[in-house]
Each structure stands twice: as C-alpha cells, then as structure tokens.
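Asker:
2 protein chains.
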Amino acid sequence: MSYADNKGVKVYYESWGSGGVPIVFLHPWSTNGYIWYFQLYHFARNNTCVVVDHRGHGRSDKPASGYSIQEHASDVAAVMDAAKIDKAVIVGNSIGGMMAMQLCLARPERVLGLVIQSSGTALSEGIPKEVMEAMIRDRDATFNQLLEGAVSERTKRERPEILDLVKAYFMIESNWPRHVFDSAIKDPNGVFNWNIKNRLKDIKRPTLVIAGEEDNATPVAANKFLADSIPGAKLNVIKEVGHFYQLEQPAACNATLGEFLKSLAR
Amino acid sequence: MSYADNKGVKVYYESWGSGGVPIVFLHPWSTNGYIWYFQLYHFARNNTCVVVDHRGHGRSDKPASGYSIQEHASDVAAVMDAAKIDKAVIVGNSIGGMMAMQLCLARPERVLGLVIQSSGTALSEGIPKEVMEAMIRDRDATFNQLLEGAVSERTKRERPEILDLVKAYFMIESNWPRHVFDSAIKDPNGVFNWNIKNRLKDIKRPTLVIAGEEDNATPVAANKFLADSIPGAKLNVIKEVGHFYQLEQPAACNATLGEFLKSLAR
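Sequence order for the protein chains is A and B.
For any residue, its number in the numbering used here is found by taking its place in the first sequence, counting from 1, and adding 25.
For any residue, its number in the numbering used here is found by taking its place in the second sequence, counting from 1, and adding 25.
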C-alpha cells in the first residue's frame with residue numbers, strides 16, 4: 026500500500042499491525058509479497074509486519090538492470106526507512122534469504138534476527154553449466170521443471186493449488202517480466218552468482234535456517250552449509266516440505282516462526 | 026496497486042494479467058482482496074483479473090459511514106471504470122456476492138455473468154434479535170463464534186491456518202476498524218439489512234450460486250433461495266466446505282470457476 030524510493034526505484038511494500046518485534050518478510054524469486062498470506066495476518070495481530078515486492082516483481086518497479094543481491098538488500102533497508110522500522114526480524118525465503126543475509130552483513134544494526142528459509146549462496150556453483158544454459162534458452166520449460174522439484178509429494182497430492190500458483194507467478198508477465206530474469210541471471214552478484222561463502226562467519230545475529238527435505242531447488246545441503254557457517258545458527262529440516270514451507274504447511278511454519286520470536290525475547 | 030476514486034472515497038484494487046473475459050473478485054466482510062490468492066494468479070495467466078479491497082477494508086479508505094450495498098456496488102463500477110473494464114464476470118463471496126447482485130441490478134450492462142459464493146439477502150431476517158444485539162455488544166466473541174461455524178470440519182482438521190486467518194483479519198484494526206462494523210450493521214441497506222428478495226427475478230445474467238454444505242454463516246437455504254429466485258441460476262452445493270470455498274478447496278474452486286467461464290463462451 027506504499028512505495029519506498031531507493032534512488033529512483035519504487036519498491037512496493039505493505040505494513041500491517043503494530044507493536045511487538047517488527048517482522049519483514051522477503052519472498053522468493055518470481056513470486057511476490059502475497060506468498061506470505063498465511064503469515065502476514067497471523068503475526069500482524071501482535072507485531073508490525075511488512076511484506077515487500079522486490080524490484081522486478083509484483084507491484085514494484087522493474088528496471089532494466091540492477092538485480093544484484095546488494096541492490097535488493099538496499100531496497101529492504103529503504104523499505105524499513107519508509108516504514109519507520111529501526112530494527113526487525115528478517116524472514117527470507119530463497120532469494121529473500123539472500124537479501125536477509127546481505128542486509129545483515131551490510132547493515133547489521135537494522136537486524137534483530139534472521140530466519141533463512143530454503144536459501145543458499147553461490148548457487149551457480151552447484152548447477153551444471155548445461156542446466157544454466159538450458160534455463161536461459163528455454164526459461165519456461167526449465168523453470169517449470171525446477172518448480173516441480175521444489176514442492177513436496179505430499180503438497181502436490183493434498184494441496185495441488187500450490188504448484189499451480191508458483192507456476193502461474195512466473196508466467197504472468199506483469200508480475201515478473203522476462204527482462205528481470207535475463208538481467209538477474211547474468212548479474213555477477215545476482216541470484217545465482219552472489220557468493221558470501223567466506224562472509225557467512227560475519228553474520229552475528231540469532232539465525233534460524235529452515236530447509237525442506239524435498240526441496241530440489243535449494244537442497245538441504247545448501248541450507249546446512251549456511252547453518253554450519255553462520256555462528257550459532259540452528260537448522261530445522263522439515264519433512265514433506267519443499268521450497269515453500271509458508272504455503273506447504275502454513276500452520277507449522279507459523280509455529281516455527283513464533284518459537285523463533287519467543288527465543289529472541291528470552 | 027491502484028486506487029479508484031468514487032466521490033472522494035479511494036478504493037484499492039489490483040489488476041493482473043490481460044486478455045480473456047475480465048474477472049472481478051469481491052471478498053467477504055472483514056477480510057480483503059488477498060483472500061483470492063489462489064484464484065488471482067491462476068486466472069491471470071489467461072484473463073484480466075481484478076481484486077478489490079472494499080471501502081472500510083484493507084488498503085481502501087474507511088469513511089465514517091456509507092456502507093450500504095448500493096455504495097459498495099458503485100465502488101465496483103468505479104473500479105471497473107478505473108481499470109478500463111467495460112464488462113466482467115463478477116465473482117463475489119458473502120457481502121461480495123451482494124455487491125455483485127446489486128451491480129447487476131443497477132448496471133446490468135457491466136456484467137457478463139455472476140458467481141455468487143456463500144451469500145444471501147435480507148440476512149437480518151434470519152438472525153434472532155438477541156444474536157444481533159450480542160454481536161453489537163461483544164463483536165469479537167460473537168464474530169469468533171460466527172467464524173467457527175463458517176469453516177468446515179475437514180478444513181479445521183486439514184488446513185487449520187484458514188480459521189486462524191479469517192479470525193486474524195477482523196482483529197487487525199488497520200484492516201477492518203471497529204467503526205466500519207458499527208456503521209455497516211446499522212445501515213438500512215448494509216450487509217445485514219440489504220433486501221432484494223423481490224428484485225432477484227430481475228437479475229438477467231448467467232448466474233452460478235455456490236453454497237458450502239457446512240456454512241453456518243450463510244447456510245445452504247439462503248443460497249438456494251437466491252438460486253431459486255434468479256432466473257436460470259444454477260446452484261452448486263459443495264461438500265466439506267464452509268463459507269470460504271476459495272481457501273478451503275482452492276483447486277476445486279478454480280475448476281468450478283473455470284467451468285463457469287467456459288459455459289459463458291458456449
């Protein structure tokens with residue numbers, strides 16, 4: 026319902042509720058802030074909750090370039106400024122988790138704690154060159170396949186609308202235009218190339234890493250690496266979940282986030 | 026992402042996708058446009074889809090008064106004007122269904138077809154005076170109880186986040202402030218008092234009425250009355266669903282809506 030302005034790029038965000046520890050929710054690539062539907066109102070009863078549409082996504086500006094994780098993280102800081110939030114717990118899924126970690130490195134004073142859900146760093150190192158090339162050549166087919174492997178079998182069986190939804194997101198040009206994909210994929214600090222392997226040790230905030238056991242997009246190993254490298258970080262591996270814990274098991278996800286918030290207060 | 030201006034009241038709406046038959050989604054009382062999450066992107070692949078936050082709700086203005094169904098329906102027309110949509114299929118749940126019917130009576134030239142999901146007219150006639158008084162005296166407890174009876178047993182068991190969500194919506198003051206409830210409940214043409222029993226025969230567009238078998242808020246009988254009174258209307262009674270088909274069984278709901286769209290094209 027508002028826009029933050031980051032050097033001329035308008036970044037859409039919504040702020041709901043008031044009080045408590047502020048929570049900022051950062052969505053995965055190709056989706057938008059709606060993905061936190063089951064978290065936003067649940068937590069807004071007691072907390073200020075902010076959802077962001079990242080640049081290039083949803084209701085935000087979609088410039089020709091500028092899709093490094095560093096730019097995205099500076100957008101998050103700009104949103105927090107606009108929403109008058111000094112410090113917050115940052116909950117980030119996939120590319121949202123990257124932004125959360127990057128924000129914590131660049132602006133640790135803005136971060137109270139991190140929940141990194143199904144994320145990673147230096148993703149391109151784990152992806153065969155042919156697969157990256159196939160993705161650029163035939164985005165839609167490759168992305169469809171990626172998403173098939175990013176949702177658990179149980180989710181596909183019991184909540185078929187979720188795979189349908191995450192596929193729909195990337196097919197709607199007004200939500201995620203082709204040029205955003207092209208620019209991000211080539212960016213030396215974009216979603217695939219951004220590499221903070223040697224800086225994870227410098228993340229010094231309480232951190233919970235959440236991995237979905239059936240997530241082939243950012244597998245358990247990629248998340249375990251984050252948890253092993255971030256000092257004091259904890260790892261939760263969730264059964265029968267893929268890349269989208271917030272949608273695949275919303276009530277359990279909310280309980281997990283609630284526990285993390287409580288642990289910060291102790 | 027945009028606002029329509031209806032005589033100074035700003036009504037929030039989002040438009041996604043392009044082409045096809047335009048669809049306008051109208052949410053239930055106390056919620057907001059997010060409730061169509063699983064419909065919006067699904068249909069936006071092939072259709073222009075518009076979701077509205079009704080005045081008094083979500084991201085729209087919340088004037089002190091003006092909550093007749095007629096005002097709400099004129100907001101929908103204003104949104105269609107702003108979104109440059111001449112005619113659309115109107116999908117309305119609960120109070121959203123009332124707006125859809127009212128729009129069809131007042132501006133039939135803007136309506137291609139109606140999907141009326143868990144709705145009714147002259148609701149107050151079916152509610153004992155004590156219950157109405159209790160609702161005004163203790164909104165939160167009464168509304169909580171109402172919602173408990175508006176979600177199916179299966180939904181409560183398998184998707185506990187849904188009851189949690191619809192309860193959260195009304196407890197977040199910035200989403201649905203108390204004065205909106207107070208004004209609407211007293212309005213002679215508000216959500217409870219609006220009465221078009223004698224005008225249902227004048228609705229002359231293809232109409233599908235959807236009722237949830239376990240919906241105690243707008244029971245099957247209230248929806249059957251609509252279907253029986255609107256010329257040619259069809260009634261679908263859905264098992265193991267309450268008031269919120271779009272959330273309780275999103276994939277089945279989308280199939281039902283898809284069938285209706287196809288039937289219009291024939």
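We treat Cβ as the ideally placed atom computed from N, Cα and C, and that holds for glycine.
Below 8 Å on the Cβ atoms is my contact criterion, and I expect Ile-48/B with Asn-72/B to pass it. Report the Cβ-Cβ distance as a whole number of Å.
Answerer: As a first step, residue 48/B must be located in the second sequence, where it is residue number 23. As a first step, residue 72/B must be located in the second sequence, where it is residue number 47. Indeed they touch by this definition, with Cβ atoms about 5 Å apart.
Asker: Considering only residues of the same chain and omitting the five flanking positions on each side of Val-76/A, which have a CB-CB separation below 7 Å?
Answerer: Locating residue 76/A in the first sequence gives position 51, where the first residue counts as 1. So the qualifying residues of the chain are Tyr-38, Glu-39, Phe-50, Gly-58, Trp-61, Leu-65.
Asker: Evaluate Ala-69/B with the Cβ neighbour count: other Cβ atoms within 10 Å of its Cβ, from every protein chain shown; 16 or more gives buried, anything less gives exposed.
Answerer: For the purposes of this step, residue 69/B is identified with residue 44 of the second sequence, where counting begins at 1. That one is buried.
Asker: Measuring straight from C-alpha to C-alpha, what distance separates Pro-88/B and Arg-203/B?
Answerer: In the second sequence, the residue the question calls residue 88/B occupies position 63. In the second sequence, the residue the question calls residue 203/B occupies position 178. Cα-Cα distance, rounded: 12 Å.
Asker: With DSSP run on the structure shown, which of helix, strand or coil describes Thr-56/A?
Answerer: By 1-based counting over the first sequence, the position of residue 56/A is 31. DSSP places Thr-56/A in coil when its eight states are reduced to three.
Asker: Would you mind sorting Asn-223/A into buried or exposed? The rule is 16 or more other CB atoms within 10 Å of its CB.
Answerer: The count along the first sequence starts at 1 and reaches residue 223/A at position 198. Asn-223/A should be labelled exposed.
Asker: With a threshold of 8 Å, are at least 3 pairs of Cβ atoms found where one atom belongs to the segment 185-196 of chain A and the other to the segment 237-254 of chain A?
Answerer: no
Asker: Only counting the same chain, and skipping five residues up and downstream in sequence, which positions put a Cβ closer than 7 Å to that of Ser-208/B?
Answerer: Numbered from its first residue, the second sequence carries residue 208/B at position 183. Counting only Cβ-Cβ distances below 7 Å, and skipping sequence neighbours, we find Ala-89, Ser-90, Tyr-92.
Asker: Nearest CA to the CA of Glu-239/B: which residue from Glu-178/B, Asp-86/B, Leu-272/B, Met-105/B?
Answerer: As a first step, residue 239/B must be located in the second sequence, where it is residue number 214. The shortest C-alpha separation from Glu-239/B is found at Glu-178/B.
Asker: Residues of the segment 34-46 of chain A with a CB closer than 9 Å to any CB of chain B: list them in chain order, please.
Answerer: For the segment 34-46 of chain A, the set of positions with a beta-carbon nearer than 9 Å to some beta-carbon of chain B reads Tyr-37, Glu-39, Ser-40, Trp-41, Gly-42, Ser-43 in chain order.
Asker: Could you check what DSSP says for Ser-143/A in three-state terms: helix, strand or coil?
Answerer: As a first step, residue 143/A is located in the first sequence; it is residue number 118 there, counting from the start. Looking at Ser-143/A - three-state DSSP - the assignment turns out to be coil, as it is neither helix nor strand.
Asker: Are the C-beta of Phe-285/B and some C-beta of chain A separated by less than 7 Å?
Answerer: The residue given as residue 285/B occupies position 260 in the second sequence. For Phe-285/B, the answer is no, since every Cβ of chain A falls outside 7 Å of its Cβ.
Asker: Alpha carbon to alpha carbon, what distance is there between Pro-275/B and Met-105/A?
Answerer: Locating residue 105/A in the first sequence gives position 80, where the first residue counts as 1. Locating residue 275/B in the second sequence gives position 250, where the first residue counts as 1. Approximately 33 Å between the Cα atoms of the pair.
Asker: Roughly how many whole angstroms lie between the Cα atoms of Cys-74/A and Lys-264/B?
Answerer: Walking along the first sequence from the start, residue 74/A turns up at place 49. Walking along the second sequence from the start, residue 264/B turns up at place 239. A straight-line Cα-Cα distance of about 35 Å links Cys-74/A and Lys-264/B.
Asker: Please tell me whether His-52/B has its Cβ less than 7 Å away from any Cβ of chain A.
Answerer: For the purposes of this step, residue 52/B is taken as the residue at position 27 of the second sequence. Not an interface residue.
Asker: Answer with buried or exposed for Asp-163/A, where buried requires no fewer than 16 other C-beta atoms within 10 angstroms of its C-beta.
Answerer: Numbered from its first residue, the first sequence carries residue 163/A at position 138. So Asp-163/A ends up on the exposed side.
Asker: Between Glu-265/A and chain B, is there a C-beta pair that is closer than 7 Å?
Answerer: As a first step, residue 265/A is located in the first sequence; it is residue number 240 there, counting from the start. No, its Cβ sits nowhere closer than 7 Å to a Cβ of chain B.
Asker: Where Arg-135/B and Ala-102/A are concerned, what is the direct C-alpha to C-alpha distance, given to the nearest angstrom?
Answerer: Here residue 135/B refers to the residue found at position 110 of the second sequence. Here residue 102/A refers to the residue found at position 77 of the first sequence. Cα to Cα, the separation comes out at about 44 Å.
Asker: What's the gap between the Cα of Arg-230/A and the Cα of Leu-289/A?
Answerer: Within the first sequence, the letter at position 205 stands for residue 230/A. Within the first sequence, the letter at position 264 stands for residue 289/A. Taking the straight line from one Cα to the other gives about 10 Å.
Asker: Which one of Ser-27/A, Val-216/A, Leu-171/A, Gln-142/A has the shortest CA to CA distance from Leu-260/A?
Answerer: By 1-based counting over the first sequence, the position of residue 260/A is 235. Scanning Ser-27/A, Val-216/A, Leu-171/A, Gln-142/A for the CA closest to the CA of Leu-260/A turns up Gln-142/A.
Asker: From the beta carbon of Tyr-28/B, is the nearest beta carbon of chain A less than 7 Å away?
Answerer: Reading the second sequence from its first residue, position 3 is the one you call residue 28/B. With 7 Å as the cut-off, Tyr-28/B does not count as an interface residue toward chain A.
Asker: Any idea what DSSP makes of Ser-61/A, helix, strand or coil?
Answerer: Along the first sequence, read from residue 1 onward, the residue named residue 61/A stands at position 36. Per the sequence shown, the amino acid found at residue 61/A is Trp instead of Ser. Residue state, collapsed to three classes: helix.
Asker: In this structure, does DSSP put Val-116/B in helix, strand or coil?
Answerer: Position 91 of the second sequence, counting from 1, holds the residue named residue 116/B. In this structure, Val-116/B counts as strand in the three-state DSSP scheme.
Asker: I'd like to check one pair, Ala-125/A with Leu-137/A: are the Cβ atoms closer than 7 Å?
Answerer: Position 112 of the first sequence, counting from 1, holds the residue named residue 137/A. Position 100 of the first sequence, counting from 1, holds the residue named residue 125/A. The criterion of a C-beta distance shorter than 7 Å is not satisfied by Leu-137/A and Ala-125/A.
Asker: Beta strand (DSSP E) containing Ala-29/B: first to last residue?
Answerer: To locate residue 29/B, count along the second sequence from 1; it is residue 4. It spans 27-31 - the beta strand (DSSP E) in which Ala-29/B sits, taken as one unbroken run.
Asker: So, with DSSP's three-state summary, where would you put Lys-264/A?
Answerer: Residue mapping note: residue 264/A aligns to position 239 of the first sequence, counting from 1. Coil at Lys-264/A, not helix or strand.
Asker: With DSSP run on the structure shown, which of helix, strand or coil describes Phe-269/A?
Answerer: Counting from 1 along the first sequence, the entry for residue 269/A is found at position 244. Of the three classes helix, strand and coil, the one that applies to Phe-269/A here is coil, per DSSP.
Asker: List the whole-angstrom C-beta distance separating Val-266/A from Glu-273/A, where the pair is believed to meet the contact cut-off of C-beta under 8 Å.
Answerer: Taking the first residue of the first sequence as 1, we reach residue 266/A at position 241. Taking the first residue of the first sequence as 1, we reach residue 273/A at position 248. That pair is a contact at about 5 Å.
Asker: Using a threshold of 7 Å, state whether the C-beta atoms of Asn-200/A and Asp-100/A are closer than that.
Answerer: As a working note, residue 200/A is residue 175 in the first sequence. As a working note, residue 100/A is residue 75 in the first sequence. Contact: no.
Asker: By Cβ distance, which residues of its chain are closer than 6 Å to Ile-221/A, with the 5 residues on each side in sequence left out?
Answerer: As a working mapping, residue 221/A is identified with position 196 in the first sequence. The answer, listed in chain order, is Thr-146.
Asker: Where does Glu-198/B land, buried or exposed, given buried means 16+ other C-beta within 10 angstroms?
Answerer: For the purposes of this step, residue 198/B is taken as the residue at position 173 of the second sequence. For Glu-198/B, the number of other beta carbons within 10 angstroms of its own is below 16, and it is reported as exposed.
Asker: Report the CB separation of Ile-187/A from Phe-63/A in whole angstroms; it is logged as a contact under 8 Å.
Answerer: Taking the first residue of the first sequence as position 1, residue 187/A is located at position 162. Taking the first residue of the first sequence as position 1, residue 63/A is located at position 38. Contact doesn't hold; Cβ gap of about 11 Å is too wide.
Asker: Following the continuous beta strand (DSSP E) through Val-49/B, name the residue where it begins and the one where it ends.
Answerer: In the second sequence, the residue the question calls residue 49/B occupies position 24. Counting along the chain, the beta strand (DSSP E) containing Val-49/B begins and ends at 48-51.
Asker: Which of helix, strand or coil does DSSP assign to Val-101/B?
Answerer: As a first step, residue 101/B must be located in the second sequence, where it is residue number 76. It is helical.
Asker: Taking CB distances under 7 Å as the criterion, tell me whether Ala-108/B reaches chain A.
Answerer: Translated into the one-based positions of the second sequence, residue 108/B becomes position 83. No, no contact with chain A.
Asker: Keeping to the same chain, check which residues put their C-beta closer than 7 Å to that of Phe-206/A; ignore five residues upstream and five downstream.
Answerer: Stepping through the first sequence from its first residue, residue 206/A is reached at position 181. The residues are Arg-164.
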